[in-house]
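As structure tokens, the structure follows; a few thoughts come after it.
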Amino acid sequence: MIRTLTMAGGIAGAVALSQFPEFSQQYMQRMSGAVDELRGVVVAFDLTATASGLTRQEALNRMQGDDFQEGLRDTIETSIQRYERLSSNLTALRSATPLERLGQFYRFSDTDLAQRTWDDFKPAVPVTTDGFIAAGIGFLAGWLGLGLLFGGLRRMLRRTGGYALPRT
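Going by our numbering, the final residue of the sequence shown carries number 245, and the count climbs one at a time with no gaps.
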């Protein structure tokens, strides 16, 4: 029974992780669009500040006094920060192979982009080398993870004199 469950865990891990190369590609396409869109906002703001003889920070500091100006300043600051974060992540992900992106999962942290990518994502059978390798990594992770969990439970139950899980 335990072997069957660990095999099922391995298969589930393989199926899930085999989708990562395509999901990461679609996420990066959305990220690229967001970076392009935000770049326009940031460049326009910086040009306006420069034309007024101000740095970006000086222009942001001047945007205070009433709720509208402060709200606009907060929106622009958020847009600038998001642009810089997404731009940095996109640059790093573009230079990585699909399997290297797997090790950089933290760069997929924009929840809005991830949710919109997931909403449109359609799982498919992986037919690329990267998809097969990701599936293999997922299988090993699922199989080992459940195997270690069940092995630990078995040892714990034996030590406490509790019910011993059967070997199959």
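Glycine included, each C-beta is placed from N, C-alpha and C at the ideal position.
Cutting at 6 Å between CB atoms, please list the residues of its own chain near residue i, excluding the five before and the five after it.
i: Gly-208; result: Ser-95 and Pro-98
i: Ala-126; result: Arg-133 and Ala-136
i: Arg-178; result: Ser-101 and Leu-170
i: Arg-150; result: Leu-137 and Met-140
i: Phe-227; result: Ile-79
i: Glu-147; result: Gln-141
i: Phe-216; result: Gly-87, Gly-90 and Ala-91
Given a cut-off of 9 Å on the beta-carbon distance, is the pair residue i and residue j in contact?
i: Leu-115; j: Ser-164; result: yes
i: Ile-79; j: Arg-235; result: no
i: Ala-211; j: Leu-176; result: yes
To which residues of the same chain is residue i closer than 7 Å at the C-beta, ignoring the five residues directly before and after it?
i: Thr-205; result: Pro-98
i: Phe-100; result: Thr-194 and Phe-198
i: Ser-109; result: Leu-167
i: Gly-86; result: Gly-219, Trp-220, Gly-222 and Leu-223
i: Arg-184; result: Asn-166, Ala-169 and Leu-170
i: Ala-111; result: Leu-163 and Leu-190
Could you name the residues of the same chain whose beta carbon sits closer than 8 Å to that of residue i, not counting the 5 residues immediately before and after it, in chain order?
i: Thr-162; result: For the sequence presented, residue 162 should be read as Arg rather than Thr. Counting only Cβ-Cβ distances below 8 Å, and skipping sequence neighbours, we find Asp-187.
i: Ile-153; result: Val-118, Phe-122, Leu-137 and Met-140
i: Ala-201; result: Gln-96 and Glu-99
i: Pro-203; result: Ser-95, Gln-96, Pro-98, Glu-99, Phe-209, Ala-211 and Ala-212
i: Met-84; result: Trp-220
i: Gln-181; result: Ala-169, Leu-170 and Ala-173
Cβ contact (3+ pairs, closer than 8 Å) linking the stretch 101 to 119 and the stretch 144 to 158: yes
At least 3 beta-carbon pairs within less than 8 Å: the stretch 180 to 200 vs the stretch 131 to 138: In this structure the stretch 180 to 200 does not lie against the stretch 131 to 138, because fewer than three pairs of beta carbons, one per stretch, are closer than 8 Å.
Sufficient close CB pairs (3 or more, under 8 Å) joining the stretch 208 to 228 to the stretch 79 to 90: yes
Within the stretch 133 to 212, ranges of the beta strand (DSSP E) (whole runs, at least 3 residues): none
Any 3 or more C-beta pairs closer than 8 Å across the stretch 99 to 113 and the stretch 166 to 174: Counting Cβ pairs under 8 Å, three or more are found: they touch.
Contained alpha helix (DSSP H) runs [length at least 4] in the stretch 99 to 134, N- to C-terminal order: none
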